[in-house]
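Enquirer: Got a structure here, written out as structure tokens. Questions coming.
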DNA sequence: AATAAATTTTAGATTTGTCTAAATTTTATT
DNA sequence: AATAAAATTTAGACAAATCTAAAATTTATT
Ligand SMILES: [Mn+2]
Ligand SMILES: [Mn+2]
Ligand SMILES: [Mn+2]
Ligand SMILES: [Mn+2]
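Residue numbers (the working numbering), protein chains in the order written: chain A, 132 to 353; chain B, 132 to 353.
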């Protein structure tokens, strides 16, 4: 079965909004898709007709198994293309999302499998988000806000909660990338900022806002 | 200015049909686009409204300068993607056209420039068709039917007039690729077949049909 | 030149995805 | 429990791209 770009975008949005609340509200979908609630109601009925979602009037919508599978296929394509754009075509991570929004709708099983192979079966995209494998399986990795981490423990940046050029500039300034190791040294109650050391260099202070946006995993050993 | 996929496909079709006759007939466009003449008339009027074509009722349509520029941009994308699919993702040349039909509509100047750079600015696609450069310029190369060539002259396969799996299989059998050097040894009047030698190996006979489909350039030296 | 055939255009309808405005249902507040 | 507010759905409209059938125009044939 082939789906339109609009249908695919709805399915993807439902998937993402479901992570926060099991039943997705019409208004939330409308907000996420930059469209009107009335349009959402129409489309959701069509998706129910195509057996991709469960839906009850006035209650909300959620993906069924088929919808979840489709969502993961689209997300797989989106994130593989993002990885390609950054790692092969030398895009900045703040430049890839819009292009991937288009590329994710190109329909060719062989294209995506060969792309995956060419890229070496990457498991995380440039923002640290997991790339579903062919079967839709997502690799797990901790993504804890740097802000809340205990002092002195070694941590590794695993993802960013935002893809803006402004964040990319900030991280460039601090020489932080995905994979960079950091430790929290102190927390300041005045403004919520924290002092960290980046890869054993001299300590720097980063804002509360930045510390909330950076996600880390805890490194056990050492 | 952004154009819809339908508009882009019409512009591309007009461009290709113009190579044969300066004024493109409604029925020819309808045939090429697998649609009805009435639909063509509607769209052509829209394209005239967007100042991409000249059009006179009952006469026919042709691209103006803006239309030609747009057509070459789309063809550039199509052929760069075909090159990518064959050379980077290891597609067969008979598998790329449909996928390129989708990829050519992805809109991102940076994407196509970086792709071009990554591929090393190729000047011909996997079928031997020239890839327009950023300014729309096409590299020239002879593409003469192998069938009509004088005996014993060294020739190089520059393009194929057909992209079918059947042709690809046939060429694989004869170890012929783009760039392969051949000479015509004899022509048989009975069925129009010709005897050729491929890269100095022992002579083989190929059908009239195949000899018409292979396009060559004449190698001056030797 | 008259007529037939082919081509092209127009008129009116359909599908997809969207919109606004009004009606309905649910949720929150008095 | 009644009422107000918020959320959602329905009704009716619209633009894009297509279609079929009928009308108009051009081209070919007698
Ligand atoms: Mn993205
Ligand atoms: Mn991403
Ligand atoms: Mn092609
Ligand atoms: Mn080609």
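The C-beta atom is built at its ideal place from N, Cα and C for all residues, glycine as well.
Could you confirm whether any beta carbon from chain B is found closer than 8 Å to the beta carbon of residue 295/A?
Expert: no
Enquirer: Just to confirm the assignment, what range does the beta strand (DSSP E) spanning residue 133/B have?
Expert: Counting along the chain, residue 133/B falls outside any beta strand (DSSP E), and DSSP gives it neither H nor E.
Enquirer: Please state whether the Cβ-Cβ distance between residue 277/A and residue 347/A is less than 8 Å.
Expert: yes
Enquirer: Quickly, what does DSSP pair residue 336/B with across the bridge? List them, please.
Expert: 326/B
Enquirer: Can you find a heavy atom of ligand 2 that lies under 7 Å from the Cβ of residue 358/B?
Expert: Nothing about residue 358/B can be reported from this structure: the residues present for chain B run from 132 to 353 only.
Enquirer: Indicate the three-state DSSP secondary structure (helix, strand or coil) for residue 189/A in the structure shown.
Expert: Reduced to three states, the DSSP call for residue 189/A is coil.
Enquirer: Let me have the residue list for ligand 1: C-beta closer than 6 Å to any non-hydrogen atom, ordered along the chain.
Expert: The set, ordered by position in the chain, is 209/A, 213/A, 228/A and 231/A.
Enquirer: Reducing DSSP to helix, strand and coil, say where residue 348/A ends up.
Expert: strand
Enquirer: For residue 145/B, which three-state DSSP category applies?
Expert: DSSP places residue 145/B in helix when its eight states are reduced to three.
Enquirer: Which residues in chain B have a C-beta closer than 9 Å to the C-beta of residue 221/A? List them in chain order.
Expert: Those are 245, 248 and 249, listed as they occur along chain B.
Enquirer: Looking only at its chain, what residues have a beta carbon closer than 8 Å to the beta carbon of residue 246/A, apart from the 5 residues adjacent to it on each side?
Expert: Result list for residue 246/A: 211, 212 and 215, in chain order.
Enquirer: How about residue 261/B: is its Cβ closer than 7 Å to a heavy atom in ligand 4?
Expert: Incorrect: residue 261/B has no Cβ contact closer than 7 Å to ligand 4.
Enquirer: Just how far apart, CA to CA, sit residue 249/A and residue 220/B?
Expert: Here the alpha carbon of residue 249/A sits roughly 7 Å from the alpha carbon of residue 220/B.
Enquirer: Can you name, in chain order, every residue of its own chain whose Cβ lies under 7 Å from the Cβ of residue 306/A, other than the five neighbours on each side?
Expert: For residue 306/A, where only same-chain residues beyond five positions count, the Cβ hits under 7 Å are 329.
Enquirer: Could you tell me if the beta carbon of residue 256/B falls within a distance shorter than 7 Å of some heavy atom in ligand 4?
Expert: Taking non-hydrogen atoms of ligand 4 into account, the C-beta of residue 256/B is found less than 7 Å away from one of them.
Enquirer: Please give the ranges of any beta strand (DSSP E) in the segment 269 to 301 of chain A, keeping only runs that are unbroken, at least 3 residues long and fully inside the region.
Expert: 285 to 291
Enquirer: If you check the beta carbons only, do residue 154/A and residue 190/A fall under 8 Å apart?
Expert: yes
Enquirer: Answer yes or no: do residue 255/B and residue 262/B have a C-beta to C-beta separation smaller than 8 Å?
Expert: A contact, by the Cβ cut-off of 8 Å.
Enquirer: Whose C-alpha, out of 232/A, 275/A, 320/A and 242/A, is nearest the C-alpha of residue 140/A?
Expert: 232/A
Enquirer: Scan the segment 318 to 351 of chain B for residues whose Cβ lies nearer than 7 Å to a Cβ of chain A and list them as they occur along the chain.
Expert: none
Enquirer: Does the distance from the C-beta atom of residue 344/B to that of residue 293/B stay below 8 Å?
Expert: yes
Enquirer: Using the Cα positions of residue 291/A and residue 258/A, report the straight-line distance between them to the nearest angstrom.
Expert: 6 Å
Enquirer: Mind checking which residues open and close the beta strand (DSSP E) that includes residue 317/A?
Expert: 312 to 318
Enquirer: Do residue 287/B and residue 327/B count as a contact pair if the criterion is CB distance below 8 Å?
Expert: no
Enquirer: Reducing DSSP to helix, strand and coil, say where residue 253/A ends up.
Expert: Reduced to three states, the DSSP call for residue 253/A is coil.
Enquirer: Under the DSSP definition of a beta bridge, which residues are partnered with residue 364/B?
Expert: In this structure chain B extends from 132 to 353, so residue 364/B is not present and cannot be described.
Enquirer: Hey, would you say residue 289/B sits closer than 8 Å to residue 309/B, going by beta carbons?
Expert: Judged by beta-carbon spacing, residue 309/B lies within the 8 Å limit of residue 289/B, meaning their Cβ atoms are closer than that value.
Enquirer: Whose C-beta lies closer than 8 Å to the C-beta of residue 274/B among residues of the same chain, with five residues either side of it excluded?
Expert: 259, 289, 290, 346, 347 and 348
Enquirer: Return helix, strand or coil for residue 164/B, following the three-state DSSP convention.
Expert: coil
Enquirer: Would you mind sorting residue 151/A into buried or exposed? The rule is 16 or more other CB atoms within 10 Å of its CB.
Expert: With fewer than 16 other Cβ atoms within 10 Å, it is exposed.
Enquirer: Can you find a CB in chain A that lies within less than 8 Å of the CB of residue 241/B?
Expert: yes
Enquirer: Please go through the same chain and pick out, in chain order, the residues whose beta-carbon is closer than 8 Å to the beta-carbon of residue 225/B, but skip the five residues on each side of it.
Expert: Cβ neighbours of residue 225/B beyond the five flanking positions: 294, 295, 296, 298 and 299.
Enquirer: Kindly list, in the order they appear in chain A, the residues whose Cβ is closer than 7 Å to that of residue 234/B.
Expert: 237
Enquirer: Against chain A, does residue 230/B count as a neighbour if the rule is that its beta carbon must be under 8 Å from one of theirs?
Expert: yes
Enquirer: How many whole angstroms separate the CB atoms of residue 243/A and residue 208/A, which I take to be in contact at a CB cut-off of 8 Å?
Expert: Yes, residue 243/A and residue 208/A are in contact; Cβ-Cβ is about 6 Å, under 8 Å.
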